[in-house]
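Asker:
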Amino acid sequence: MEAVSKTAQWTAAARALESERADALFVDPYARTVAADTGFKLLDRYAGAGTVEFLAVRTTYLDRAIAAAVAGEGIRQVVFVAAGMDTRPFRLDCWADGTTVFELDRPALLAAKEELLDGAQLPAGITRRPVAVDLAGEWADSLRQAGFQADRPTLWVIEGLTFFLPEDAVRRLLTGVRTLSAPGTVLLGDFASRASLVNPLARPFLNALAEDGAAWLFGTDTPEQFLAECGWQAREVRQPGEDGATFGRWPFPVPPREFRGAPRSFLYTADLA
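Just so we're aligned, residue 1 is where the sequence shown starts under the UniProt record's numbering, counting upward by one.
As structure tokens, this is what we get:
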């Protein structure tokens, strides 16, 4: 698989470790399978910088935000952009009857995922449709051909992707998703700050990613403004460790937003502007 796609197995390995804790925030019974040996080797390689803790917090935040959107907004069309080795269609119990879940990612990754998940059973009442695309190119037509309906409210989940894209590609992605969205649509995702790209404490982690062809390229210190510029209104933005995004896993102090230049991450929920 492509280098960036391999990071999907690294994050799956982190989900497996959380799932196997006695006080697990979530249980992903497929995480160890889809992580495979590659995921755990990469987890060792990328150790440090709070990555395991961050991935536990991010997964939990998005799990709960997905459940809230499906229950509270009544959304029945979900798109995971760069779905990677995410297994939420199989493991979450929040899906309402009649939900269609689309998973966008590169052909090689989706093929590997299908092989690893062979035999896994979806909850009753939902349909899962993998859509092989190049997210750096034009992919909207492929999504429509798979049955996506742009006139229906959609839950978009863009997790762990924007770090690896240049800023102009992130803007194209978010504005492109905006053009495919009907009223009632919800967008979930995460950003890094600009300082995270040059954080000296994370230099071994960042260097390892770059050596593996998955360098971090994008960060923003003003996520609300960036989302607005792309046609989205932030409903909430949380840093790991803040209320609603700690879950007993974040061991580090949270830098105040007014303290400029601090490395940080953001988890967000947004609506159409």
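Each residue gets a CB set at the ideal place from its N, CA and C atoms; glycine is no exception. All values reported here derive from a predicted model rather than from experimental measurement.
According to DSSP, PHE266 sits in a beta bridge with which residue or residues?
Answerer: Partner(s): PHE191.
Asker: Relative to the C-alpha of GLU20, which residue among THR154, ILE158, GLU138 and ALA56 is closest?
Answerer: Among THR154, ILE158, GLU138 and ALA56, the Cα nearest to that of GLU20 belongs to ALA56.
Asker: Taking ARG171 as the reference, which of ALA228, PHE148 and SER196 has the closest Cα?
Answerer: Ranking the options by Cα distance to ARG171, first place goes to ALA228.
Asker: According to the neighbour-count rule (16 or more other Cβ atoms, all chains shown, within 10 Å of its Cβ), is GLY39 buried or exposed?
Answerer: Flag for GLY39 reads buried.
Asker: Is the CB-CB distance between GLU242 and ALA234 below 8 angstroms?
Answerer: Cβ atoms of GLU242 and ALA234: not closer than 8 angstroms.
Asker: Measuring alpha carbon to alpha carbon, tell me which residue in ALA14, TYR46 and ARG15 is nearest GLU211.
Answerer: Residue TYR46 is the option with its Cα nearest to GLU211.
Asker: What did DSSP end up calling ARG106 once you bin it into helix, strand or coil?
Answerer: DSSP places ARG106 in coil when its eight states are reduced to three.
Asker: Under the rule that 16 or more other beta-carbon atoms within 10 Å means buried, what is GLN77, buried or exposed?
Answerer: Under this definition GLN77 is a buried residue.
Asker: Taking C-alpha atoms, which residue in ASN207, VAL34, ILE158 and VAL27 lies nearest to GLY48?
Answerer: Considering only alpha carbons, the answer is ASN207.
Asker: If you follow the alpha helix (DSSP H) that ILE66 is part of, which residue opens it and which one closes it?
Answerer: Counting along the chain, the alpha helix (DSSP H) containing ILE66 begins and ends at 51 to 72.
Asker: When the Cα atoms are used, what is the spatial distance from TRP139 to PRO123?
Answerer: If you take the alpha carbons of TRP139 and PRO123, they lie about 27 angstroms apart.
Asker: Quick one: complete alpha helix (DSSP H) runs, 4+ long, within the region 169 to 245?
Answerer: Fully enclosed alpha helix (DSSP H) runs of 4 or longer: 203 to 211 and 223 to 229.
Asker: How far does the alpha helix (DSSP H) with GLN145 in it reach, from first residue to last?
Answerer: Here the alpha helix (DSSP H) through GLN145 covers 140 to 145.
Asker: Note the first and the last residue of the continuous beta strand (DSSP E) segment covering PRO130.
Answerer: PRO130 -> beta strand (DSSP E) spans 126 to 132.
Asker: By Cβ distance below 8 angstroms, which residues in the same chain neighbour THR127 in space, the five residues on each side in sequence not counted?
Answerer: Excluding sequence neighbours, THR127 sits near THR99, THR100 and VAL101.
Asker: Is the region 173 to 187 in contact with the region 150 to 158, if contact means three or more CB pairs nearer than 8 angstroms?
Answerer: Because the criterion of three Cβ pairs below 8 angstroms is met, the region 173 to 187 and the region 150 to 158 touch.
Asker: Taking the Cβ atom as the reference point for each residue, do ARG238 and TYR61 lie within a distance shorter than 8 angstroms?
Answerer: Closer than 8 angstroms, so yes.
Asker: Would you give the residue range spanned by the alpha helix (DSSP H) that PHE90 belongs to?
Answerer: Residues 88 to 91.
Asker: Taking DSSP's pairing of strands, which residues face ASP28 in a bridge?
Answerer: Paired residues: none, contrary to the question.
Asker: Output the boundary residues of the beta strand (DSSP E) element that contains TRP156.
Answerer: From DSSP, the beta strand (DSSP E) with TRP156 extends over 155 to 158.
Asker: Going by alpha carbons, who is nearest to SER265 out of GLU258, ASP134, PRO240 and TRP250?
Answerer: Cα-wise, what sits closest to SER265 is PRO240.
Asker: Spatial neighbours of GLU103 within its chain, please: CB distance less than 6 angstroms, with the 5 preceding and 5 following residues excluded, ordered by chain position.
Answerer: The answer, listed in chain order, is PHE80, ALA83 and PRO130.
Asker: Does the region 184 to 199 come close enough to the region 111 to 121 to have 3 or more Cβ pairs within less than 8 angstroms?
Answerer: No, they do not touch.
Asker: With burial defined as no fewer than 16 other Cβ atoms inside 10 Å of the residue's Cβ, what is the status of PRO263: buried or exposed?
Answerer: Classification for PRO263: buried.
Asker: With 16 other CB atoms within 10 Å as the buried threshold, where does ASP105 fall?
Answerer: That one is buried.
Asker: For GLU53, which option in ARG15, ILE75 and GLY72 has the closest C-alpha, if you only look at C-alpha atoms?
Answerer: For the residues ARG15, ILE75 and GLY72, the minimum Cα distance to GLU53 belongs to ARG15.
Asker: State the beta-bridge partners of THR7 as determined by DSSP.
Answerer: Answer is none; THR7 lacks a bridge partner.
Asker: For LEU25, tell me which candidate among THR33, THR7 and PHE247 has the shortest Cα-Cα distance.
Answerer: That would be PHE247, whose Cα lies nearest to the Cα of LEU25.
Asker: In terms of residue numbering, what span does the beta strand (DSSP E) encompassing GLN77 cover?
Answerer: It spans 77 to 81 - the beta strand (DSSP E) in which GLN77 sits, taken as one unbroken run.
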